Amino acid sequence: MDSVRSPEWPVAPLGGPAGNSAAARYGTSPTTGPALGRTGQPLPAPPPPYQPLAGSGSTPAPANRPPAAPPIPVKILIAGGFGVGKTTTVGAISEIAPLTTEAEMTIAGIGVDDPGVRSHKTTTTVAMDFGCVTIDRSLKLYLFGTPGQTRFGFMWDDLARGALGALVVVDSARLDDCFPAIDFFERAGLPFVVGVNAFDGRLALELGEIRWALAIGEHVPLVQFDARDRLSVRDALLVVLDCALERATRDRRA
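In the working numbering, the protein residues as written are 13 to 266.
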């Protein structure tokens with residue numbers, strides 16, 4: 013049978029592997045001369061490596077760039093009388109599942125723990141509530157809810173240690189329940205904000221009447237909020253932050 017070969021290929025000399033080499037087939041040495049393409053022309057130079065455009069936002073961060081600083085932790089207390097909505101406040105704003113120490117109320121508490129006629133409360137905080145919320149990249153709030161009953165008052169000193177401010181939650185229909193909390197923070201010299209929880213969306217008294225009844229000065233912020241609403245709780249906590257920042261700035265200047 014006759015063999016068929018391409019007319020473009022020169023006749024390869026016989027002689028084993030040497031006859032099947034590139035130099036024998038193409039008549040050139042692989043180490044000499046420019047690289048040729050299919051048309052016989054020199055191959056173009058390879059393209060330069062990719063460089064992102066300036067300002068495109070895709071420039072990689074320098075290898076020696078320091079890592080972002082963690083947010084500053086700020087401790088805030090959520091205080092107030094029994095059944096005013098402290099646990100609800102922490103749960104409404106916390107970005108994690110809040111830690112609660114709720115225990116069932118028993119008949120032993122009848123006549124001692126009075127949550128009010130509008131409350132359907134069946135549990136009570138016996139130690140503390142805990143939650144956290146990130147304000148921005150530089151600030152993170154850690155919320156500690158205090159127990160409301162007087163018999164748990166010995167825990168307040170420990171919970172208040174290291175706190176920068178407090179939100180005293182008030183039920184406008186039971187103002188006398190918040191007197192111990194206000195007295196505690198006034199004696200401790202800790203900045204605090206009085207937040208009147210609007211049960212069912214309304215208050216039993218006007219804010220001016222509440223300020224007069226609580227005998228707090230104009231330097232103490234008094235706000236209305238809804239403990240069930242996240243944005244409402246956020247606004248109340250921002251007032252606490254402003255109050256704490258003002259105190260810190262004043263102390264630094266002094």
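Idealized CB from N, CA, C, for every residue including glycine.
Just so you know, these numbers come straight off a predicted model, no measurement behind them.
Answer with buried or exposed for T99, where buried requires no fewer than 16 other C-beta atoms within 10 angstroms of its C-beta.
Walking along the sequence shown from the start, residue 99 turns up at place 87. Here T99 is buried: its Cβ has 16 or more other Cβ atoms, across all protein chains shown, within 10 Å.
Name the DSSP bridge partner or partners of C144?
By 1-based counting over the sequence shown, the position of residue 144 is 132. Beta-bridge pairing links C144 to Y154.
Give a yes or no on whether the C-beta atoms belonging to L151 and F142 are separated by under 8 Å.
Residue numbering aside, residue 151 sits at position 139 when the sequence shown is read from its first letter. Residue numbering aside, residue 142 sits at position 130 when the sequence shown is read from its first letter. In this structure, the beta-carbon distance from L151 to F142 does not fall below 8 Å.
Report buried or exposed for W168, applying the criterion of at least 16 other Cβ atoms within 10 angstroms of its Cβ.
Within the sequence shown, the letter at position 156 stands for residue 168. When all chains shown are included, W168 counts as buried.
Would you list the residues sitting across from F237 in a DSSP beta bridge?
Looking up residue 237 in the sequence shown gives position 225. Looking at the DSSP output, F237 shares a beta bridge with N209.
Helix, strand or coil for V96 per DSSP?
One-based indexing of the sequence shown puts residue 96 at position 84. In this structure, DSSP gives V96 a state outside helix and strand, which the three-state scheme calls coil.
Within 10 angstroms of the Cβ of I108, are there 16 or more other Cβ atoms? Answer buried if so, exposed if not.
Working through the sequence shown from its first residue, we reach residue 108 at position 96. Exposed, by the Cβ-count rule.
Terminal residues of the beta strand (DSSP E) in which L179 lies
As a working note, residue 179 is residue 167 in the sequence shown. Counting along the chain, the beta strand (DSSP E) containing L179 begins and ends at G177 to D183.
Residues near I84 in its chain [Cβ-Cβ closer than 8 Å; skip 5 each side]
Taking the sequence shown and counting its residues from 1, one reaches residue 84 at position 72. Sequence-distant Cβ neighbours of I84 in its own chain, meaning closer than 8 Å and more than five residues away, are S150, L151 and K152.
Residue range of the unbroken alpha helix (DSSP H) whose run includes R223:
Here residue 223 refers to the residue found at position 211 when the sequence shown is read from its first residue. Start and end: L219 to L226.
Option nearest E198 by Cα separation, candidates A227, L249, A248 and G97
Reading the sequence shown from its first residue, position 186 is the one you call residue 198. Per the Cα distances, A227.
Am I right that A260 and V181 are in contact with their C-beta atoms under 8 Å? What's the rounded C-beta distance?
Numbered from 1 along the sequence shown, position 248 holds the residue referred to as residue 260. Numbered from 1 along the sequence shown, position 169 holds the residue referred to as residue 181. Between V181 and A260 the Cβ distance is about 23 Å, and since that is not below 8 Å, they are no contact.
Could you please give me the residues that DSSP links to L243 through a beta bridge?
Looking up residue 243 in the sequence shown gives position 231. Paired residues: none, contrary to the question.
Output yes or no for whether 8 Å exceeds the beta carbon distance between A81 and A178.
As a position in the sequence shown, residue 81 is number 69, starting the count at 1. As a position in the sequence shown, residue 178 is number 166, starting the count at 1. Using a Cβ distance threshold of 8 Å, A81 and A178 do not count as a contacting pair.
CA-CA distance, F211 and N76?
Here residue 211 refers to the residue found at position 199 when the sequence shown is read from its first residue. Here residue 76 refers to the residue found at position 64 when the sequence shown is read from its first residue. So the alpha carbons of these two residues sit roughly 54 Å apart.
Give me the residue from D148, T146, I147 and F166 with the minimum Cα distance to M140.
For the purposes of this step, residue 140 is identified with residue 128 of the sequence shown, where counting begins at 1. Checked all of D148, T146, I147 and F166; the closest Cα to M140 is F166.
Who does V232 pair with in a DSSP beta bridge?
On the sequence shown, position 220 is the one that residue 232 refers to. BP columns for V232 are empty, so no partner.
Opposing strand residues paired with L90 [DSSP bridges]
Indexing the sequence shown from 1 puts residue 90 at position 78. Per the sequence presented here, residue 90 reads as Ile, with Leu not at that position. Bridge partners of I90: G157 and L179.
Cβ of V208 within 8 Å of Cβ of I222?
Position 196 of the sequence shown, counting from 1, holds the residue named residue 208. Position 210 of the sequence shown, counting from 1, holds the residue named residue 222. A contact, by the Cβ cut-off of 8 Å.
Could you tell me if L171 is buried or exposed, where buried requires 16 or more neighbouring beta carbons within 10 angstroms of its beta carbon?
For the purposes of this step, residue 171 is taken as residue 159 along the sequence shown, with counting starting at 1. Classification of L171: buried, given that the 10 Å Cβ count is 16 or more.
How would you call G97, buried or exposed, if buried means at least 16 neighbouring beta carbons within 10 angstroms?
Position 85 of the sequence shown, counted from the first residue, corresponds to residue 97. G97 is classed as buried because its beta carbon has at least 16 other beta carbons within 10 Å across all chains shown.
Sort P60, L249 and G160 by Cα distance to P203 and report the nearest one.
As a first step, residue 203 must be located in the sequence shown, where it is residue number 191. Distance from the Cα of P203 is smallest, within the candidate group P60, L249 and G160, for L249.
With distance defined between alpha-carbon atoms, name the residue in R246, V102 and D183 nearest to L217.
Reading the sequence shown from its first residue, position 205 is the one you call residue 217. When each option's Cα is compared against that of L217, the closest is D183.
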